[in-house]
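This report concerns only the one structure given below.
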Amino acid sequence: SIAWVDAGGALRIGPRSAGADPGPACYGKGGTEPTVTDANLVLGYIGASTSLGGELSLDEDAAYDALADLADEAGLGGPLEAARGVYRVANANMTRAIRSVTVERGYDPRKFGLAAFGGAGPMHAASIADSLDIDRVVIPRASGVLSAYGLLAADEKRDAVRTYQRSLGAVDPDDVDAVYEELSEELLAEVSDREAATVRHSADLRYAGQSFELTVDVDRPFDTADARERFGAAHESAYGYRADESVELVNCRVTTTVERSAPTVEYDADGDPQKGSREAVFADEVRETPVYERPKLPPRDEIDGPAIVEGDESTIVIPPAWNVRVRDDGTLTAEVSDE
Numbered sequence: 034s035i036a037w038v039d040a041g042g043a044l045r046i047g048p049r050s051a052g053a054d055p056g057p058a059c060y061g062k063g064g065t066e067p068t069v070t071d072a073n074l075v076l077g078y079i080g081a082s083t084s085l086g087g088e089l090s091l092d093e094d095a096a097y098d099a100l101a102d103l104a105d106e107a108g109l110g111g112p113l114e115a116a117r118g119v120y121r122v123a124n125a126n127m128t129r130a131i132r133s134v135t136v137e138r139g140y141d142p143r144k145f146g147l148a149a150f151g152g153a154g155p156m157h158a159a160s161i162a163d164s165l166d167i168d169r170v171v172i173p174r175a176s177g178v179l180s181a182y183g184l185l186a187a188d189e190k191r192d193a194v195r196t197y198q199r200s201l202g203a204v205d206p207d208d209v210d211a212v213y214e215e216l217s218e219e220l221l222a223e224v225s226d227r228e229a230a231t232v233r234h235s236a237d238l239r240y241a242g243q244s245f246e247l248t249v250d251v252d253r254p255f256d257t258a259d260a261r262e263r264f265g266a267a268h269e270s271a272y273g274y275r276a277d278e279s280v281e282l283v284n285c286r287v288t289t290t291v292e293r294s295a296p297t298v299e300y301d302a303d304g305d306p307q308k309g310s311r312e313a314v315f316a317d318e319v320r321e322t323p324v325y326e327r328p329k330l331p332p333r334d335e336i337d338g339p340a341i342v343e344g345d346e347s348t349i350v351i352p353p354a355w356n357v358r359v360r361d362d363g364t365l366t367a368e369v370s371d372e
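Shown next, in the form of structure tokens:
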């Protein structure tokens, strides 16, 4: 996301993005506008010697130049102060987004942990958690490619629906069963493993005159009395009452599921996990900060902040007053220190 100064002189982040081409100024591909990535590089959270994807070397001077221009426009004291401002505004934007789905909906964020994923999410997560008084951040294994990992781990699920609108009292159960059978066969012909597939049948039902439906599971062979009872229970649970109105069947639904297990992510844990140190900024103070290689962190290891943990696809920033523990499955849990 690109950092800019509005007409009132306030620092803003986004919604414009430098994208991958030309990308942030530090990519050295012709981009000149300052981005959050440039700020993270200047703050020391990303190492200047880091090779992104094993191929792209970073141009630290270009990042400093872009942030120097931003500092001049915003009346700040230089590129480092501009980088701190960009980092804080970016965090404030993300904090606001979390508040919109927690506090504004009646949930106390302090009762939750914060999951951090994406290549840059773990660089900001602990600071965002601090602003929300959240005391735990969870960084899953393969966090930088978590969506892709989730796709591989997710069950194979297929859905089919067919409209069959009439009053339950006028329904011929054999006709409904024929619809379910046809939909089931259509889906089973597409699954990767027919023998491993489970089939779920459900129906969209409503009271006569309603404009919305509730979906309830139904058994085979189809039983109208059972479907009516299940709908009544679901309606009472959702809205607090049952009505004496007739019940209408609107749609027949079939879902097939083939369960899949999550693929194993293997890391080479041999060698010293600490690869060195570099200067990084925490609370406006430049501190020499140890840098660790995530793949080499042994299970149950614990690191006190400040620290930076680098993986193949993400970077994790652990501020002072936080520590991080390695679970047996490779997940990292960052928590506010007791001390």
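Quick note on numbering: the sequence shown equals residues 34 to 372 in our numbering.
The beta-carbon is built from N, C-alpha and C at its ideal position, and this holds for glycine as well.
Looking at C-beta atoms only, is the number of pairs between the region 335-352 and the region 75-88 that lie closer than 8 Å three or more? yes
Applying the criterion that 16 or more other CB atoms from any shown protein chain within 10 Å of the CB defines a buried residue, is ASP201 buried or exposed? Before going on, a small fix: residue 201 reads as Leu here, not Asp. Its Cβ being crowded by 16 or more others within 10 Å, LEU201 is buried.
For ARG195, does the count of other Cβ atoms within 10 angstroms reach 16, so buried, or fall short, so exposed? exposed
Start and end of the beta strand (DSSP E) containing ASP250? 247-250
Suppose the cutoff is 6 Å on Cβ atoms and the five residues either side in sequence are ignored; what does the same chain contact list for GLU269 look like? ARG275
For the candidate residues VAL283, ARG227 and LEU330, whose alpha-carbon lies nearest to that of GLY304? LEU330
Given this structure, state the Cα-to-Cα distance separating GLY154 from ASP371, to the nearest angstrom. 24 Å
Residues near GLY265 in its chain [Cβ-Cβ closer than 7 Å; skip 5 each side]: ARG275
Is it buried or exposed for VAL251, if we count other Cβ within 10 angstroms and need 16 for buried? buried
Take ALA271 and list the residues in its own chain whose beta-carbon comes closer than 7 Å to its own, dropping the five residues that flank it on each side. LEU247
Rounded C-beta distance between ALA96 and ASP71? I'm assuming under 8 Å. 4 Å
DSSP bridge partner residues for CYS285 (one or two, in chain order): ARG195 and ALA236
Looking at VAL69 and ALA123, is the spacing between their C-beta atoms short of 9 Å? yes
At least three beta-carbon pairs within less than 8 Å, the region 128-142 to the region 319-333: no
Three-state secondary structure assigned by DSSP to VAL119: helix
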